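Novice: According to UniProt numbering, the sequence shown is numbered sequentially starting from 1. Where is the CB? At the ideal position from N, CA and C, for every residue including glycine. All values reported here derive from a predicted model rather than from experimental measurement.
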Amino acid sequence: MARLAPSPSTPSAPPTPSPAATTPPRPRSSPPWPPSPRRHNSATPEEQSTMAASCGFSSLDALIDATVPKTIRISDIRLPKFDAGLTESEMIAHMSRLANKNKVFKSFIGMGYYDTLVPGVILRNVMENPAWYTQYTPYQAEIAQGRLESLLNFQTMISDLTALPMSNASLLDEGTAAAEAMAMCNNIQKGKKKTFLVASNCHPQTIDVCKTRADGFDIKVVVADLKDFDYKSNDVCGVLVQYPGTEGEILDYGEFIKNAHAHGVKVVMATDLLALTVLKPPGELGADIVVGSAQRFGVPMGYGGPHAAFLATSQEYKRMMPGRIIGVSVDSTGKPGLRMAMQTREQHIRRDKATSNICTAQVGDLCLFFISVHLFPALGVIIHLVLLRNLQALLANMAAMYAVYHGPEGLKAIAERVHGLSCAFAHGLKKLGTATLQDLPFFDTVKVKCSNAKAIADEACKNEMNLRVVDSDTVSDLIRILLDNG
């Protein structure tokens with residue numbers, strides 16, 4: 001469009017310069033913000049003195065002396081003598097030397113922890129990608145649709161494998177998930193039934209976590225064999241069983257679940273995701289709540305954690321679920337969108353009405369976890385002591401990506417390979433004729449009875465292999481299979 005010239009009869013006034021035009025440009029050598037190191041360091045002593053003076057005190061010590069009550073002060077602080085500080089490269093070299101002193105054995109222990117390979121594409125693009133591992137809870141759904149979609153994939157994967165329609169977006173670990181399920185059973189029964197039965201074939205760490213959590217809820221945990229479960233007291237809110245069992249056995253829980261339901265008891269089933277690709281899913285067996293760990297889907301053991309757990313249930317109990325659920329909604333323009341839904345937790349509603357206070361499962365600070373797993377695998381125990389946040393959402397995303405990467409048929413092929421090699425191992429032991437194997441079906445864990453179990457475990461340890469000794473004459477040996485070809 002042509003620009004109009006001013007009329008000759010009305011001479012135009014000279015344009016008023018804008019403030020920006022009169023301000024000289026800032027030299028490039030002086031940016032409007034402090035240099036990067038200063039932005040991330042605390043105040044200098046000079047700045048602290050200035051701030052203290054503005055409050056009417058001569059120094060920071062004088063300010064603290066006037067504000068901190070003497071009753072809570074520690075008068076005698078003795079710090080240990082520290083060595084001289086190290087540079088970053090010196091620290092890495094020092095930690096590498098420490099790590100090289102350790103021996104990383106092959107683990108045949110099982111109990112819910114499995115050696116697995118992370119596909120390279122997931123390792124590079126998710127686990128080592130700061131766009132994934134630095135993210136916090138996706139409160140702003142409009143800028144977190146990608147992560148929300150991945151967590152929705154995680155929920156869909158869990159629902160498909162468990163045959164239950166509702167799944168949350170991960171929990172802390174299998175033991176915590178089982179304890180949350182126990183609290184769910186108590187809430188479903190409105191707190192009127194205070195006994196929770198736990199099958200002795202559950203993983204020992206899961207039993208321990210349930211016992212610890214039960215103390216705070218005034219719930220009585222009874223650990224017993226399945227055949228000894230007693231519902232006559234009419235005080236049982238739920239039961240917990242393992243599928244497959246901690247020693248490898250696969251039981252048919254159909255009649256057991258029917259009997260529990262006949263007495264008004266809810267059934268919680270802890271399970272293995274990879275096994276569910278070839279076993280009848282818990283939802284079809286009648287389980288009310290299903291829990292477990294997703295570590296087996298492409299997440300390193302990392303010295304025992306962190307890992308992503310899951311909890312699935314029916315639509316009937318969706319308001320009782322712990323953690324967060326990713327829901328499908330629409331945005332302001334009517335387009336499909338994802339958001340966090342039904343967050344019935346402590347920070348959103350009144351504490352006495354909350355079903356759970358699990359809220360750290362959506363955090364993703366991976367830096368130290370990455371260091372422990374990939375740079376110093378034998379130092380995981382040291383690094384994990386200073387983890388900043390729980391990483392479950394990131395690891396749930398990794399598990400979801402692992403499932404997408406392999407697909408349903410790929411996961412089933414891995415499960416069949418694991419089971420096939422387990423059967424080959426069991427067949428070889430039978431041919432030797434020196435040990436007795438359990439008669440029950442198994443997936444990947446073989447229970448062996450022999451006269452010298454402890455000696456066998458000690459000899460295996462000398463050869464850098466860890467076996468699980470169940471009792472003085474029984475070894476539970478997990479076939480160690482790398483679950484992925486990379």
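Do SER170 and ALA341 come within 9 angstroms of each other at the CB atom, strictly closer than that value?
Specialist: In the sequence shown, the residue the question calls residue 341 occupies position 341. In the sequence shown, the residue the question calls residue 170 occupies position 170. Cβ atoms of ALA341 and SER170: not closer than 9 angstroms.
Novice: Ignoring anything shorter than 4 residues or poking outside the segment 231-306, list the alpha helix (DSSP H) runs there in chain order.
Specialist: Runs found: 254-262, 273-276, 282-285.
Novice: Starting from the C-beta of LEU395, find all residues in its chain whose C-beta is less than 8 angstroms away, skip the five residues before and the five after it, and write them out in chain order.
Specialist: Here residue 395 is taken as the residue at index 395 of the sequence shown, counted from 1. SER170, ALA294, GLN295, VAL299, PRO306, HIS307, ALA308.
Novice: Let me know if PRO45 comes out buried or exposed under the rule of 16 or more other beta-carbons within 10 Å of its beta-carbon.
Specialist: What you label residue 45 is simply residue 45 of the sequence shown in a count that begins at 1. Result: exposed.
Novice: My output table needs one value for ASN201: the three-state DSSP class, helix, strand or coil.
Specialist: Looking up residue 201 in the sequence shown gives position 201. It is coil, neither helix nor strand.
Novice: For the pair the segment 237-244 and the segment 67-86, tell me if three or more CB-CB distances fall below 8 angstroms.
Specialist: The segment 237-244 is not in contact with the segment 67-86.
Novice: For GLY112, I'd like the list of residues in its chain whose CB is within less than 7 angstroms of its CB, leaving aside the five on either flank, ordered along the chain.
Specialist: On the sequence shown, position 112 is the one that residue 112 refers to. GLU174, HIS203, SER293.
Novice: Excluding the five sequence neighbours on either side, which residues of its own chain have a C-beta within less than 8 angstroms of the C-beta of GLN145, listed in chain order?
Specialist: Taking the sequence shown and counting its residues from 1, one reaches residue 145 at position 145. Excluding sequence neighbours, GLN145 sits near GLY337, LEU338.
Novice: Pick out the complete beta strand (DSSP E) segments inside the segment 174-219, 3 residues or longer, and give them in chain order.
Specialist: Here the runs fully enclosed are 195-199.
Novice: Which of helix, strand or coil does DSSP assign to ALA43?
Specialist: Position 43 of the sequence shown, counted from the first residue, corresponds to residue 43. In the structure shown, ALA43 sits in coil (DSSP, three-state: anything other than H, G, I, E or B).
Novice: In terms of alpha-carbon separation, which member of ASN168, VAL223, SER159, GLU149 lies closest to SER329?
Specialist: Taking the sequence shown and counting its residues from 1, the one referred to as residue 329 is at position 329. Comparing Cα-Cα distances from SER329 to each of ASN168, VAL223, SER159, GLU149, the minimum goes to GLU149.
Novice: Would you report the Cα separation of GLU180 and LEU240, rounded to the nearest angstrom?
Specialist: On the sequence shown, residue 180 is found 180 positions in, with the first residue counted as 1. On the sequence shown, residue 240 is found 240 positions in, with the first residue counted as 1. Approximately 12 angstroms, taken between the alpha carbons.
Novice: Taking the alpha-carbon positions, what's the ASN100 to GLY433 distance?
Specialist: Taking the first residue of the sequence shown as position 1, residue 100 is located at position 100. Taking the first residue of the sequence shown as position 1, residue 433 is located at position 433. Spanning the two alpha carbons is a distance of roughly 40 angstroms.
Novice: The alpha helix (DSSP H) with PHE154 in it runs from where to where?
Specialist: Counted from its first residue, the sequence shown places residue 154 at position 154. First-last of the alpha helix (DSSP H) with PHE154: 145-162.
Novice: By alpha-carbon positions, which one of ILE349, LEU411, ALA287 ends up nearest to THR277?
Specialist: On the sequence shown, residue 277 is found 277 positions in, with the first residue counted as 1. Answer by Cα proximity: LEU411.
Novice: Can you confirm whether the segment 104-124 touches the segment 396-406 when touching is taken to mean that 3 or more C-beta pairs between the two stretches lie within less than 8 angstroms?
Specialist: Cβ pair count under 8 angstroms is three or more, so yes.
Novice: Beta carbon of GLY110, beta carbon of MET184: below 9 angstroms?
Specialist: Against the sequence shown, residue 110 aligns to sequence position 110. Against the sequence shown, residue 184 aligns to sequence position 184. Their beta carbons are not under 9 angstroms apart, which means GLY110 does not touch MET184 by this criterion.
Novice: Please state if the CB of GLU409 and the CB of LYS106 are separated by a distance shorter than 9 angstroms.
Specialist: Along the sequence shown, read from residue 1 onward, the residue named residue 106 stands at position 106. Along the sequence shown, read from residue 1 onward, the residue named residue 409 stands at position 409. No.
Novice: Which residue marks the beginning of the beta strand (DSSP E) containing SER329, and which one marks its end?
Specialist: As a first step, residue 329 is located in the sequence shown; it is residue number 329 there, counting from the start. Counting along the chain, the beta strand (DSSP E) containing SER329 begins and ends at 325-330.
Novice: Anyone know if the C-beta pair for LYS220 and PHE196 falls short of 9 angstroms?
Specialist: The residue labelled residue 220 in the question sits at position 220 within the sequence shown. The residue labelled residue 196 in the question sits at position 196 within the sequence shown. Cβ atoms of LYS220 and PHE196: closer than 9 angstroms.
Novice: ASP61 lies in the alpha helix (DSSP H); which residues open and close that run?
Specialist: Looking up residue 61 in the sequence shown gives position 61. 60-67 is the extent of the alpha helix (DSSP H) around ASP61.
Novice: If you check the beta carbons only, do ALA62 and MET51 fall under 9 angstroms apart?
Specialist: For the purposes of this step, residue 62 is identified with residue 62 of the sequence shown, where counting begins at 1. For the purposes of this step, residue 51 is identified with residue 51 of the sequence shown, where counting begins at 1. No. Outside cutoff.
Novice: How far does the beta strand (DSSP E) with ARG339 in it reach, from first residue to last?
Specialist: By one-based count along the sequence shown, residue 339 stands at place 339. Element bounds for ARG339: 336-341.
Novice: How many angstroms separate the CA atom of ARG417 from the CA atom of MET301?
Specialist: As a first step, residue 417 must be located in the sequence shown, where it is residue number 417. As a first step, residue 301 must be located in the sequence shown, where it is residue number 301. Distance between the alpha carbons of ARG417 and MET301 is about 21 angstroms.
Novice: If you follow the beta strand (DSSP E) that ARG97 is part of, which residue opens it and which one closes it?
Specialist: Walking along the sequence shown from the start, residue 97 turns up at place 97. Taken as a continuous stretch (DSSP letters only), ARG97 belongs to no beta strand (DSSP E), being part of the alpha helix (DSSP H) at 88-101.
Novice: Does the Cβ-Cβ distance between VAL222 and ALA178 come in under 9 angstroms?
Specialist: As a first step, residue 222 must be located in the sequence shown, where it is residue number 222. As a first step, residue 178 must be located in the sequence shown, where it is residue number 178. The answer is no: Cβ separation not under 9 angstroms.
Novice: Let me check understanding here. Comparing Cα to Cα, which of ILE326, ARG213, LYS193, LEU273 lies closest to GLY264?
Specialist: Your numbering for residue 264 matches position 264 in the sequence shown. Here the closest residue by C-alpha is LYS193.
Novice: What three-state label does DSSP hand SER314 in the structure shown?
Specialist: The residue given as residue 314 occupies position 314 in the sequence shown. Three-state DSSP puts SER314 in coil, outside helix and strand.
Novice: Between the segment 160-169 and the segment 311-327, are three or more C-beta pairs nearer than 8 angstroms?
Specialist: As far as the Cβ criterion goes, the segment 160-169 touches the segment 311-327, which means the pair count is three or higher.
Novice: Nearest-angstrom Cα distance between ALA199 and LYS335?
Specialist: One-based indexing of the sequence shown puts residue 199 at position 199. One-based indexing of the sequence shown puts residue 335 at position 335. Spanning the two alpha carbons is a distance of roughly 47 angstroms.
Novice: Could you compute how far the alpha carbon of GLN189 sits from the alpha carbon of ILE289?
Specialist: The residue labelled residue 189 in the question sits at position 189 within the sequence shown. The residue labelled residue 289 in the question sits at position 289 within the sequence shown. Answer to the nearest angstrom: the Cα atoms are 14 angstroms apart.
Novice: With a CB to CB cut of under 8 angstroms and the five nearest residues on each side skipped, what residues in its chain are close to SER159?
Specialist: Locating residue 159 in the sequence shown gives position 159, counting from the first residue. Excluding sequence neighbours, SER159 sits near PRO165, MET166, SER167, ALA312.
Novice: Would you mind working out which of LYS258, SER59, TYR303, GLN48 sits nearest LYS103, comparing C-alpha positions?
Specialist: If you number the sequence shown from 1, residue 103 lands on position 103. Closest option to LYS103, Cα to Cα, is TYR303.
Novice: Compute the Euclidean distance between the alpha carbons of ASN129 and GLN48, then round it to the nearest angstrom.
Specialist: Along the sequence shown, one-based indexing puts residue 129 at 129. Along the sequence shown, one-based indexing puts residue 48 at 48. In a straight line, the C-alpha of ASN129 is about 38 angstroms away from that of GLN48.
Novice: Rounded to whole angstroms, how far is the Cβ of LEU152 from the Cβ of ILE326, which I believe are closer than 8 angstroms?
Specialist: Counting from one through the sequence shown, the residue named residue 152 turns up at place 152. Counting from one through the sequence shown, the residue named residue 326 turns up at place 326. With 8 angstroms as the limit, LEU152 and ILE326 qualify as a contact, their Cβ atoms being about 5 angstroms apart.
Novice: With a threshold of 16 other CB atoms inside 10 Å of the CB of residue 521, please say whether the residue is buried or exposed.
Specialist: Since the displayed the chain opens at 1 and closes at 486, residue 521 lies outside it and no answer follows.
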